[in-house]
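Enquirer: Got a structure for you, questions after.
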Amino acid sequence: MSLVELIAQADERGLAASGLACLDRCVPLLGGDDELLRPLWASLSDTGDGDWSAGLEAARGKLAGSADAAEDEAAALARRMLDAAPAALDADGVRVWADACSVASLQIHRLLDPAADDAPLDACREGRTEGMPPLVAAELRRQVTVLEVLAGHGTAGLRRALEVSVEGRRVLRAVVSRRARVKR
7 MSLVELIAQA DERGLAASGL ACLDRCVPLL GGDDELLRPL WASLSDTGDG
57 DWSAGLEAAR GKLAGSADAA EDEAAALARR MLDAAPAALD ADGVRVWADA
107 CSVASLQIHR LLDPAADDAP LDACREGRTE GMPPLVAAEL RRQVTVLEVL
157 AGHGTAGLRR ALEVSVEGRR VLRAVVSRRA RVKR
C-alpha cells in the first residue's frame with residue numbers, strides 16, 4: 007500500500023503519530039533534544055499519560071528561540087511542522103497535518119541528500135520510488151513503517167513507531183553534523 011493510501015486509511019491516533027514521527031525525526035534541525043517530544047508520544051498511549059496540547063505548547067516554548075533568523079530551508083520546513091501541529095486531535099485537522107508533515111519531512115530529506123533528484127515527491131508517496139535518493143527512500147520507508155505498525159497494532163505499535171523515529175532522528179542528526187563540518 008502506498009504512503010498516500012496509508013494516510014487516507016489511518017485513524018486519528020495513527021495520523022497524530024505519523025505527523026509526530028516526521029516532526030520527531032526533524033527535531034535536530036531545530037536544536038531540540040531527544041526528549042523534547044516525549045510528552046506528545048505519551049499523550050497518544052491508551053493510558054493518556056500526557057496532554058497533547060500542553061505537550062505541544064511546551065515543545066513550542068522550548069524551541070521558540072532555538073534557530074537564528076537566517077535558518078535554512080530544511081529548518082524552516084521543520085519549524086512549520088511544529089507550528090502547524092493542531093492543538094486538538096480531531097480527524098480532519100490531524101489528517102491535514104500528518105499529510106503536510108509527510109511531504110515536509112521528505113522534502114527536508116531531499117534537501118539534505120547530496121544525491122538529490124528532481125522527481126516529484128507525490129510520485130514517491132504514491133509508490134513510484136525508482137531512482138529516489140537514499141536519504142529520501144529511507145525516510146519514505148520509515149513513514150510507511152510507522153503507519154503500518156500503528157494500523158496493525160494500534161497503541162501497542164507506538165513503541166515501535168517511536169523506535170523508528172529515533173533511528174531516523176539519529177540518521178538526520180549525523181547528516182546535519184556532517185553538513186555543518188563541510189560548511190566550515
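Every number in my numbering is 6 more than the matching position in the sequence shown, counting from 1. In this text, a Cβ means the ideal position worked out from N, Cα and C, and glycines have one as well. Just so it is clear, the structure is predicted and the values come from calculations on it, not from any experiment.
(1) Does the segment 159–174 come close enough to the segment 125–133 to have 3 or more Cβ pairs within less than 8 Å?
(2) Let me know the secondary structure DSSP gives Gln171 once reduced to three states.
(3) Taking all protein chains shown into account, do 16 or more other C-beta atoms lie within 10 angstroms of the C-beta of Glu145, making it buried, or fewer, making it exposed?
(4) Note down the Cα distance separating Leu12 from Val150, rounded to an integer number of angstroms.
(5) Candidates Arg116, Arg66, Met138 and Ser111: which alpha carbon is nearest Gly38's?
(6) Which whole runs of the alpha helix (DSSP H) in the segment 47–133 are 4 residues long or more, in chain order?
(7) The alpha helix (DSSP H) that contains Thr151, what's its start and end?
(8) If you count every other CB in all the chains shown that lies within 10 Å of the CB of Ser183, and 16 or more means buried, which is it?
(9) Find the nearest neighbour of Gln113 within the set Leu36, Ala82, Val102 and Ala91, judged by alpha-carbon distance.
(10) For a quick check, are the C-beta atoms of Glu18 and Ala97 less than 8 Å apart?
(11) Under a three-way DSSP split, which group does Ala16 fall into?
Expert: Let me lay it out:
(1) The segment 159–174 makes no contact with the segment 125–133; the number of CB pairs closer than 8 Å stays below 3.
(2) In the sequence shown, the residue the question calls residue 171 occupies position 165. Residue identity check: residue 171 is Ser in the sequence provided, not Gln. Ser171: helix per DSSP, three-state reduction.
(3) The residue you call residue 145 lines up with position 139 of the sequence shown. Glu145 should be labelled buried.
(4) The count along the sequence shown starts at 1 and reaches residue 12 at position 6. The count along the sequence shown starts at 1 and reaches residue 150 at position 144. Approximately 7 Å, taken between the alpha carbons.
(5) Locating residue 38 in the sequence shown gives position 32, where the first residue counts as 1. For the set Arg116, Arg66, Met138 and Ser111, the Cα lying nearest the Cα of Gly38 is the one of Arg66.
(6) Along the segment 47–133, the alpha helix (DSSP H) occurs as fully enclosed runs of 4 or more residues at 58–68, 79–90, 97–118 and 127–131, listed in sequence order.
(7) Working through the sequence shown from its first residue, we reach residue 151 at position 145. That run of the alpha helix (DSSP H) goes Pro140 to His159.
(8) Sequence index remark: in the sequence shown, residue 183 carries index 177 (1-based). Per the 10 Å Cβ criterion, exposed.
(9) Residue mapping note: residue 113 aligns to position 107 of the sequence shown, counting from 1. With distances taken between Cα atoms, Gln113 lies closest to Ala82.
(10) For the purposes of this step, residue 18 is taken as the residue at position 12 of the sequence shown. For the purposes of this step, residue 97 is taken as the residue at position 91 of the sequence shown. Closer than 8 Å, so yes.
(11) In the sequence shown, counting from the first residue as 1, residue 16 sits at position 10. In this structure, Ala16 counts as coil in the three-state DSSP scheme.
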